[in-house]
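Worksheet for the structure shown next.
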Amino acid sequence: MRWMPTCREATELASREMDERLSLIDHLGLKMHLAICRNCRRFTVQLEEMRRLFRIETGGDDDAPGLDPEARRRIESELHRKLDA
Amino acid sequence: MTQLDARIWLAEHGDYLFRVARRQLHSDEEAEDAVQETLLAALAAHERYTGSSSPRTWLTGILKHKIVDLIRRNVREVEIPRDEEGEEAVDALFKRDGHWAEPLRPWGNPQTEAELSQLRRVLDDCADRLKPVMAQVFSLREVAGMETEDICKELGITPTNCWVLLHRARLFLRECLELNGFSGGALS
Numbered sequence: 002m003r004w005m006p007t008c009r010e011a012t013e014l015a016s017r018e019m020d021e022r023l024s025l026i027d028h029l030g031l032k033m034h035l036a037i038c039r040n041c042r043r044f045t046v047q048l049e050e051m052r053r054l055f056r057i058e059t060g061g062d063d064d065a066p067g068l069d070p071e072a073r074r075r076i077e078s079e080l081h082r083k084l085d086a
Numbered sequence: 008m009t010q011l012d013a014r015i016w017l018a019e020h021g022d023y024l025f026r027v028a029r030r031q032l033h034s035d036e037e038a039e040d041a042v043q044e045t046l047l048a049a050l051a052a053h054e055r056y057t058g059s060s061s062p063r064t065w066l067t068g069i070l071k072h073k074i075v076d077l078i079r080r081n082v083r084e085v086e087i088p089r090d091e092e093g094e095e096a097v098d099a100l101f102k103r104d105g106h107w108a109e110p111l112r113p114w115g116n117p118q119t120e121a122e123l124s125q126l127r128r129v130l131d132d133c134a135d136r137l138k139p140v141m142a143q144v145f146s147l148r149e150v151a152g153m154e155t156e157d158i159c160k161e162l163g164i165t166p167t168n169c170w171v172l173l174h175r176a177r178l179f180l181r182e183c184l185e186l187n188g189f190s191g192g193a194l195s
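Chains A and B are the protein sequences, given in the same order.
Residue 7 in our numbering sits at position 6 of the first sequence, and the numbers go up by one each step.
Residue 191 in our numbering sits at position 184 of the second sequence, and the numbers go up by one each step.
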């Protein structure tokens, strides 16, 4: 990697930085790139946003379909079976 | 612990648990399995429930483990693609000199529950469209919060392969979200 990463390389680094500490050189390269590139700054903001939206703690309360009645009955009878055993 | 408690859990939290599971597992059947296993595990472990957290929080904690188990099981069954696969799709997002092919638009800042709910729906659709292995590595990382090192061990792949899969998953999800009206302030 040259001293200044391209956008494509910067997205690789930004993605990796979500998961682990980058080497100092990679970290500085990414920082320099972000300083001059609005697209990649947006990309890093959107990475954080996606992470937030995917957290398991969110999203159980919305209006997506819940258990259908059949599934509910199957689970209920399984619970009964277990309790009677 | 009575039969009644388990039925109340199912009645009061069943839909909630199902939605959480469905968002991560990408199939109704697996989400149903996860809910069932969660309630059975809760039933077996009810002595350990101290009441210090709400039943929903407690059940969600159990569900999370069940989801991770299911994702792991799936991951072992899918073939890990070679590094080159998916490379072309990434090529399409960038110019040859490494610049973005299209400028990125800023995303809106959804606040209301209705907006967030719609946004999650789009997100789920997009996640369902990822290649299975990508979706699962992404889920292990973002849902389960597993370290990439542990994901690599689990899958028997190299760290580089793991980063490549995560990078592509994130690029494709982002692209899919933008194509589905995610950008430009309000959701259209």
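Here a beta-carbon is modelled for each residue, glycine too, at the ideal position from N, C-alpha and C.
Cross-chain neighbours of residue i in chain B, by beta carbon under 7 Å
{"i": "glutamate 50 of chain A", "result": "Trp114"}
{"i": "isoleucine 37 of chain A", "result": "What isoleucine 37 of chain A touches in chain B: nothing, since even the nearest Cβ is about 12 Å away."}
Residue i at chain B interface by Cβ criterion, 7 Å
{"i": "serine 16 of chain A", "result": "yes"}
{"i": "glutamate 13 of chain A", "result": "yes"}
{"i": "arginine 74 of chain A", "result": "no"}
{"i": "arginine 22 of chain A", "result": "no"}
{"i": "threonine 7 of chain A", "result": "yes"}
{"i": "glycine 30 of chain A", "result": "no"}
{"i": "arginine 1 of chain A", "result": "Since the first and last residues shown for chain A are 2 and 86, residue 1 of chain A lies out of range."}
CA-to-CA distance, residue j to residue i, given in whole angstroms
{"i": "tyrosine 56 of chain B", "j": "tryptophan 65 of chain B", "result": "8 Å"}
{"i": "leucine 47 of chain B", "j": "glutamate 161 of chain B", "result": "26 Å"}
{"i": "leucine 54 of chain A", "j": "glutamine 47 of chain A", "result": "10 Å"}
{"i": "leucine 100 of chain B", "j": "isoleucine 15 of chain B", "result": "49 Å"}
{"i": "leucine 14 of chain A", "j": "glutamate 94 of chain B", "result": "16 Å"}
{"i": "cysteine 183 of chain B", "j": "methionine 51 of chain A", "result": "12 Å"}
{"i": "isoleucine 158 of chain B", "j": "cysteine 169 of chain B", "result": "8 Å"}
{"i": "arginine 17 of chain A", "j": "histidine 174 of chain B", "result": "7 Å"}
{"i": "threonine 165 of chain B", "j": "glutamate 19 of chain B", "result": "43 Å"}
{"i": "alanine 11 of chain A", "j": "leucine 25 of chain A", "result": "14 Å"}
{"i": "aspartate 104 of chain B", "j": "arginine 136 of chain B", "result": "28 Å"}
{"i": "tryptophan 4 of chain A", "j": "isoleucine 37 of chain A", "result": "14 Å"}
{"i": "arginine 42 of chain A", "j": "methionine 19 of chain A", "result": "14 Å"}
{"i": "alanine 13 of chain B", "j": "aspartate 85 of chain A", "result": "13 Å"}
{"i": "glutamate 49 of chain A", "j": "glutamate 149 of chain B", "result": "11 Å"}
Limits of the unbroken alpha helix (DSSP H) element including residue i
{"i": "arginine 136 of chain B", "result": "120-136"}
{"i": "proline 70 of chain A", "result": "70-85"}
{"i": "glutamate 109 of chain B", "result": "Taken as a continuous stretch (DSSP letters only), glutamate 109 of chain B belongs to no alpha helix (DSSP H), as it is neither H nor E."}
{"i": "glycine 30 of chain A", "result": "25-37"}
Beta-carbon neighbours of residue i, restricted to chain A and to distances below 7 Å
{"i": "aspartate 149 of chain B", "result": "The sequence shown places glutamate at residue 149 of chain B, rather than the aspartate named in the question. Neighbours of glutamate 149 of chain B on chain A, chain order: Arg52 and Phe55."}
{"i": "proline 110 of chain B", "result": "Asn40"}
{"i": "glycine 3 of chain B", "result": "Summary: the structure shown does not reach residue 3 of chain B, with chain B confined to residues 8 through 195, and so no result is reported for it."}
Under 9 Å from the C-beta of residue i: neighbouring residues of chain B
{"i": "leucine 25 of chain A", "result": "The contacting residues do not exist; leucine 25 of chain A stays about 18 Å from chain B at best."}
Per-residue contacts from residue i into chain A (C-beta, under 8 Å)
{"i": "alanine 13 of chain B", "result": "Leu80 and Leu84"}
{"i": "histidine 174 of chain B", "result": "Thr12, Glu13, Ser16 and Arg17"}
{"i": "aspartate 104 of chain B", "result": "Thr7"}
{"i": "leucine 32 of chain B", "result": "Correct list: empty, because the minimum Cβ distance to chain A is about 11 Å."}
Short CB-CB distance (under 7 Å) between residue i and chain A
{"i": "threonine 64 of chain B", "result": "no"}
{"i": "glutamine 43 of chain B", "result": "yes"}
{"i": "phenylalanine 25 of chain B", "result": "yes"}
{"i": "phenylalanine 179 of chain B", "result": "no"}
{"i": "glycine 68 of chain B", "result": "no"}
{"i": "phenylalanine 101 of chain B", "result": "yes"}
{"i": "glycine 205 of chain B", "result": "Absent from the structure is residue 205 of chain B, since the part of chain B shown begins at 8 and ends at 195."}
{"i": "glycine 21 of chain B", "result": "yes"}
{"i": "leucine 162 of chain B", "result": "no"}
Open item on the list: Quick check: the segment 24-41 of chain A against the segment 66-76 of chain A, are at least 3 beta-carbon pairs closer than 8 Å?
Closed with: No contact exists between the segment 66-76 of chain A and the segment 24-41 of chain A.
- [ ] Spell out a yes or no on whether the segment 138-151 of chain B and the segment 107-125 of chain B are touching, meaning 3 or more CB-CB pairs, one atom from each, closer than 8 Å.
- [x] No: fewer than three Cβ pairs fall under 8 Å.
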